[in-house]
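So in the UniProt record's numbering, spot 154 of the sequence shown is number 154, and the numbers just go up one at a time. All C-beta atoms in this analysis are idealised placements derived from N, C-alpha and C, irrespective of residue type, glycine included. Structure first, then comments.
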Amino acid sequence: MCLTWKLFKLIVFSVCVACFSWQSSIFFKLYFAYPTATSIDLTFPSVLKFPAITFCNNNPVKREKFCAEYPYLCQKPNNLTNFCGNHPYFCKENVSNLVIPKLEYYASNSEADVRKAISQIYIHNISQDDTILKNDQDLYNFYTRIREEETVYPWTVSGIFLSIHSPFVPVNPFNDGAFLQIGHQYIIKIRMEEEHLLESPYDTNCTDYEDLWNKNN
């Protein structure tokens, strides 16, 4: 009985030592693979990388101009009194010439043709703007003027989608931006962050090709 008990204790001790050794080996492997020294480098660059700012109006085209160019795709609202009651900003002035696109909303349904016409407008009116905004101030002001009665979709809320992003990565503000309502003032504070990916044995396993090319001339 005494021999059995000693043998049992020896087995338990051996298992504990083996587990401890295994855990220790994993710890030291991680410890020596990843440097623990921390270095702080303060830089004051003369040129800062400013973020890109993208605005997108949720109204694709101006209703009045669209209906002037495509009169066959617009009509007077079916129930003008009810329409003006639900959307009074359309009826501030003389409503005798008020027309809206045929999108089956207080109008007949020609949605496919309307959307096709809007697509054609975008295709034939794309232009490149090389304007570069330069300002020595640290505060930028953007003013937008949106007329609710110009929306081509009367049931939508007029506004702008805003996205602040890296100048090297294009984004879609409709998916990644914030919606700014009309009649509001927004103050946005931003800060710059850089993500540096490290080489192996770190999980990012990134290769600095620029440094490699410099070493190889």
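Nonlocal neighbours in the same chain, by C-beta distance under 8 Å from residue i, ignoring five residues either side
i: residue 168; result: none
i: residue 142; result: 53, 55
i: residue 252; result: Examination of residue 252 is not possible in this model, given that the chain is present from 1 through 217 alone.
i: residue 50; result: 167
i: residue 106; result: 77, 78, 79, 82, 83, 100, 154
i: residue 92; result: 149
i: residue 75; result: 99, 100, 102, 107, 108
i: residue 67; result: 73, 74, 99, 100, 101
i: residue 112; result: none
Alpha carbon of residue i to alpha carbon of residue j, nearest angstrom
i: residue 85; j: residue 77; result: 12 Å
i: residue 108; j: residue 73; result: 9 Å
i: residue 197; j: residue 171; result: 22 Å
i: residue 26; j: residue 193; result: 33 Å
i: residue 95; j: residue 81; result: 10 Å
i: residue 4; j: residue 31; result: 40 Å
i: residue 48; j: residue 191; result: 11 Å
i: residue 19; j: residue 7; result: 18 Å
i: residue 98; j: residue 65; result: 12 Å
i: residue 211; j: residue 62; result: 51 Å
i: residue 183; j: residue 214; result: 54 Å
i: residue 177; j: residue 151; result: 20 Å
i: residue 216; j: residue 145; result: 55 Å
i: residue 165; j: residue 118; result: 28 Å
i: residue 121; j: residue 140; result: 31 Å
i: residue 88; j: residue 189; result: 36 Å
i: residue 11; j: residue 195; result: 50 Å
i: residue 23; j: residue 9; result: 21 Å
i: residue 21; j: residue 29; result: 12 Å
i: residue 46; j: residue 147; result: 41 Å
Same chain only: Cβ atoms within 6 Å of residue i, ignoring 5 sequence neighbours per side
i: residue 90; result: 149
i: residue 204; result: 197, 198
i: residue 14; result: none
Neighbourhood of residue i by C-beta distance below 7 Å, restricted to the same chain and skipping five residues each side
i: residue 186; result: 180
i: residue 114; result: 73, 101, 102, 103
i: residue 70; result: 117
Residue i burial status per 10 Å Cβ neighbour count (16 or more: buried)
i: residue 174; result: exposed
i: residue 163; result: buried
i: residue 43; result: exposed
i: residue 2; result: exposed
i: residue 209; result: exposed
i: residue 110; result: buried
i: residue 16; result: exposed
Cβ-heavy atom distance, residue i to the ligand GDP, below 6 Å
i: residue 57; result: With respect to the ligand GDP, the structure shown offers nothing to examine, as it has no ligands at all.
Chain C contact for residue i (CB, 7 Å cutoff)
i: residue 171; result: Of the chains in the structure shown, none is chain C; there is only one protein chain.
With contact counted as at least three CB pairs below 8 Å, one residue from each stretch, are the stretch 145-160 and the stretch 41-59 in contact? yes
Jot down the residue ranges of each uninterrupted alpha helix (DSSP H) in the stretch 134-181, minimum 4 residues, whole runs only, in chain order. 173-176
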